[in-house]
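With this note's numbering applied, the sequence shown covers 119 to 598.
Below is one structure, written out as structure tokens; comments come after it.
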Amino acid sequence: MPNGAMMATNGTIDKPREACGVVGIWGKEASVKVAPLCYLGLYALQHRGQESAGMVTFDGKQLWLSKGAGLVPEVFDLDSLAELPGFAGIGHVRLATQAEKHVINTQPLLVRSSYGSLAIAQNGSIVNGKELRQELLDRGTVLQTDTDSEVILNLIAQSGEADLPSAVAKILSRVRGAYALVVLGEGMLLAARDPWGNRPLCLGRLEEGYVVASESCAIANLGGELLREVQPGELLILDHAGYHTHSLDPGKKQALCAFEHVYFARPDSSIGGRNAYLVRKAIGRELAQEALVTADVVIGAPDSGMSPALGFAEAAKLPFEIGVIKNRYVGRTFLQPTPAGRKLAVRIKLNPVIEVLKGKSVAMIDDSIVRGTTSGKLIALLKEAGAREVHMYVASPPYRFPCLYGIEPSSHTELVARGRTVEELKTLIGADSLHYVSVEGLVRAIGIPKEQLCLACFTGDYPIGAPGASIDRLSDQRRE
Ligand code: SF4
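In structure tokens form, the structure reads like this:
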């Protein structure tokens with residue numbers, strides 16, 4: 119471990135973390151069994167959240183809830199799926215922030231209201247969530263969870279509108295933030311994407327009906343056809359008549375999360391009309407063109423560095439090799455409190471291929487550096503295995519500003535690049551050289567105009583604004 123490099127205390131891989139994934143399915147006939155379909159959709163979205171999973175189904179008379187802590191196959195088995203009746207349903211996978219870890223915060227949330235039973239599942243974060251929560255508390259509303267979803271659900275229930283679509287549209291016009299959400303009522307399923315289009319959400323057709331999901335890989339997993347992305351600021355209503363659309367607020371400047379293409383989305387998903395794997399290869403090519411490449415061999419940091427490494431090797435005309443093997447059978451909660459234990463944990467999780475590395479100058483590509491912990495450990499591992507030099511290439515610009523829109527880490531104190539030069543970072547992680555792709559290179563590779571992307575964690579320009587309390591703090595950071 120290089121001198122001064124920070125070590126994660128929980129043994130987890132050091133990466134930005136997506137907070138949630140959602141799915142919603144409306145079966146075209148009452149005979150459709152929706153629970154197994156929701157299960158398959160959630161399984162495909164597992165990478166977006168691993169701490170809890172849940173679904174709510176509708177059988178034409180009532181809504182049924184099943185959820186719990188753990189991975190999708192840990193929460194649902196064949197018996198629990200068989201017990202959930204219904205032809206329509208919504209589902210959720212979740213990765214909680216520190217403040218939200220309590221099991222009561224697992225989604226979907228289900229309540230009774232003047233619109234009948236209502237369930238909600240959401241991905242994202244509401245910038246004015248605190249104010250809206252206070253408004254509810256001030257009028258005596260009892261809240262049970264720390265989630266924005268409960269706030270939205272209560273505001274919908276109290277909206278006073280004549281019908282559910284009008285109630286959802288009215289409340290979402292007051293919500294400022296990044297979200298993809300699904301609401302299931304007695305007779306319809308509503309799906310909405312924030313007016314900036316920051317969180318992804320797409321629409322597909324199945325043999326059994328219609329589906330909305332955070333990523334197109336879920337639609338593919340269900341054997342469906344991707345119809346299109348839900349538009350920024352669009353409210354979709356799925357019911358027995360098929361689907362119809364309602365525009366909430368199409369006037370906002372778009373701000374798709376650039377990190378979806380860098381890391382979050384599954385490589386087989388398309389977001390903003392661009393396939394994530396191909397974008398990652400293109401970022402690797404940009405990186406090789408921007409930086410001076412001196413290496414004998416190119417490797418990817420497992421697993422998310424592999425796609426950009428392929429593009430990098432192609433552009434640099436260097437051999438691509440597998441230099442580190444990741445053990446896939448190490449549990450998610452492999453906690454190691456002592457330095458010796460943590461070193462052992464790394465050795466169990468990652469193993470170098472000595473024959474590829476020995477005596478070589480190695481170019482290692484990773485998607486991002488967040489806390490710097492994994493990069494430092496990997497470089498030390500490569501050198502122990504005999505690598506002569508390790509040159510680190512990063513397929514995203516320095517991550518210096520916290521995400522305020524639902525991605526962890528949401529605190530600037532966890533970002534190793536904040537307040538450090540690239541030279542200082544290079545020394546910290548023990549690399550022989552360190553190169554980041556530029557913001558312009560990243561934008562070129564994504565292939566979406568810069569004005570239509572959120573790049574706030576690299577630039578500090580927050581397109582959806584910031585919660586009031588954070589604005590001063592953010593200004594301070596940008597001055598540093
Ligand atoms: S700040 Fe970064 S991680 Fe957060 S939405 Fe914007 S691009 Fe995505």
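By construction, the Cβ of each residue, glycine as well, lies at the ideal position given by its N, Cα and C atoms.
Assigned exposure category for residue i - 16 Cβ within 10 Å defines buried
{"i": "Arg166", "result": "buried"}
{"i": "Gln225", "result": "buried"}
{"i": "Leu533", "result": "buried"}
{"i": "Arg384", "result": "buried"}
{"i": "Tyr517", "result": "buried"}
{"i": "Gln372", "result": "buried"}
{"i": "Gly537", "result": "exposed"}
{"i": "Val448", "result": "exposed"}
{"i": "Thr451", "result": "The predicted position of Thr451 is uncertain, since its pLDDT is 44 and thus under 50; no value can be drawn from it."}
{"i": "Pro567", "result": "exposed"}
{"i": "Ile238", "result": "buried"}
{"i": "Ala171", "result": "buried"}
{"i": "Pro437", "result": "exposed"}
{"i": "Leu453", "result": "Low per-residue confidence applies at Leu453: pLDDT is 48, beneath 50, and the placement is therefore not dependable enough to give any value."}
Candidates the options, of which the one nearest residue i by Cα
{"i": "Cys375", "options": "Ser184, Gly315, Ile244, Ala148", "result": "Gly315"}
{"i": "Thr577", "options": "Leu546, Gly342, Ala535", "result": "Ala535"}
{"i": "Ser514", "options": "Arg251, Glu169, Lys288, Ala574", "result": "Ala574"}
{"i": "Val211", "options": "Leu543, Val141, Pro470", "result": "Val141"}
{"i": "Met510", "options": "Tyr361, Pro426, Ile582", "result": "Pro426"}
{"i": "Arg257", "options": "Asp264, Thr265, Val269", "result": "Val269"}
{"i": "Pro527", "options": "Cys320, Ala359, Arg489, His220", "result": "Arg489"}
{"i": "Val152", "options": "Tyr161, Leu163, Phe176, Ser170", "result": "Phe176"}
{"i": "Ile401", "options": "Thr412, Ser422, Asp414, His364", "result": "Ser422"}
{"i": "Leu160", "options": "Gln180, Leu189, Lys133", "result": "Leu189"}
{"i": "Lys544", "options": "Val512, Cys521, Lys248, Gly242", "result": "Val512"}
{"i": "Gly351", "options": "Ile417, Ala296, Ser267", "result": "Ala296"}
{"i": "Val415", "options": "Arg292, Val480, Leu307", "result": "Val480"}
{"i": "His553", "options": "Cys320, Ala419, Val471, Ala409", "result": "Ala409"}
{"i": "Trp182", "options": "Glu169, Gly204, Phe194", "result": "Gly204"}
{"i": "Pro318", "options": "Ser277, Cys138, Asp266", "result": "Cys138"}
{"i": "Glu201", "options": "Leu228, Met173, His220", "result": "Met173"}
{"i": "Arg323", "options": "Ser332, Asp312, Ile337", "result": "Ile337"}
{"i": "Ser65", "options": "Val260, Ser493, Pro154, Gln168", "result": "Since the first residue shown for the chain is 119 and the last is 598, residue 65 is missing from the structure and cannot be characterised."}
{"i": "Ile289", "options": "Ser267, Met306, Glu378", "result": "Ser267"}
Reduced DSSP category for residue i - H, G, I as helix; E, B as strand; rest coil
{"i": "Asp357", "result": "strand"}
{"i": "Ile582", "result": "coil"}
{"i": "Thr164", "result": "The sequence as given places Gln at residue 164; Thr does not occur at that position. Three-state DSSP puts Gln164 in a helix."}
{"i": "Leu453", "result": "Reliability of the predicted coordinates at Leu453 is poor, the pLDDT of 48 falling under 50, and the value obtained from them is presented with this limitation in mind. Coil at Leu453, not helix or strand."}
{"i": "Tyr554", "result": "strand"}
{"i": "Lys399", "result": "helix"}
{"i": "Asp484", "result": "strand"}
{"i": "Gly258", "result": "coil"}
{"i": "Arg384", "result": "coil"}
{"i": "Ile525", "result": "coil"}
{"i": "Ser184", "result": "strand"}
{"i": "Ser291", "result": "coil"}
{"i": "Val221", "result": "helix"}
{"i": "Ser170", "result": "strand"}
{"i": "Arg597", "result": "At Arg597, the pLDDT of 37 sits below 50, so the modelled position is not reliable and the matter cannot be decided from this model."}
{"i": "Lys133", "result": "coil"}
{"i": "Val105", "result": "The question about residue 105 has no answer here: the residues shown for the chain are numbered 119 through 598."}
{"i": "Ile208", "result": "strand"}
{"i": "Met510", "result": "strand"}
{"i": "Leu199", "result": "helix"}
{"i": "Gly548", "result": "coil"}
{"i": "Val561", "result": "helix"}
{"i": "Ile143", "result": "strand"}
{"i": "Phe377", "result": "helix"}
{"i": "Arg251", "result": "helix"}
{"i": "Arg538", "result": "coil"}
{"i": "Gly327", "result": "strand"}
{"i": "Phe194", "result": "coil"}
{"i": "Ser493", "result": "helix"}
Sheet register partners of residue i (DSSP bridge)
{"i": "His362", "result": "Ile355"}
{"i": "Gln240", "result": "Leu299"}
{"i": "Pro470", "result": "Val442"}
{"i": "Ser231", "result": "Gly234"}
{"i": "Val286", "result": "DSSP lists no partner for Val286."}
{"i": "Asn393", "result": "Ser388"}
{"i": "Leu307", "result": "Leu302, Leu356"}
{"i": "Leu245", "result": "What sits at residue 245 in the sequence shown is Val, not Leu. Partner(s): none; Val245 has no beta bridge."}
{"i": "Glu347", "result": "Cys320"}
{"i": "Phe430", "result": "According to DSSP, which records beta bridges pairwise, Phe430 is partnered with nothing at all."}
Rounded distance between the beta-carbons of residue j and residue i, thought under 8 Å
{"i": "Glu432", "j": "Val474", "result": "At roughly 18 Å, the Cβ-Cβ gap does not stay under 8 Å, so Glu432 and Val474 are not in contact."}
{"i": "Val286", "j": "Val301", "result": "6 Å"}
{"i": "Arg403", "j": "Gly429", "result": "4 Å"}
{"i": "Glu405", "j": "Ile355", "result": "In the sequence as displayed, the identity of residue 405 is Leu instead of Glu. Not quite, the Cβ-Cβ distance comes to about 43 Å (not below 8 Å), so this is no contact."}
Chain C contact for residue i (CB, 8 Å cutoff)
{"i": "Ala431", "result": "Absent here is chain C; the protein component of the structure consists of one chain."}
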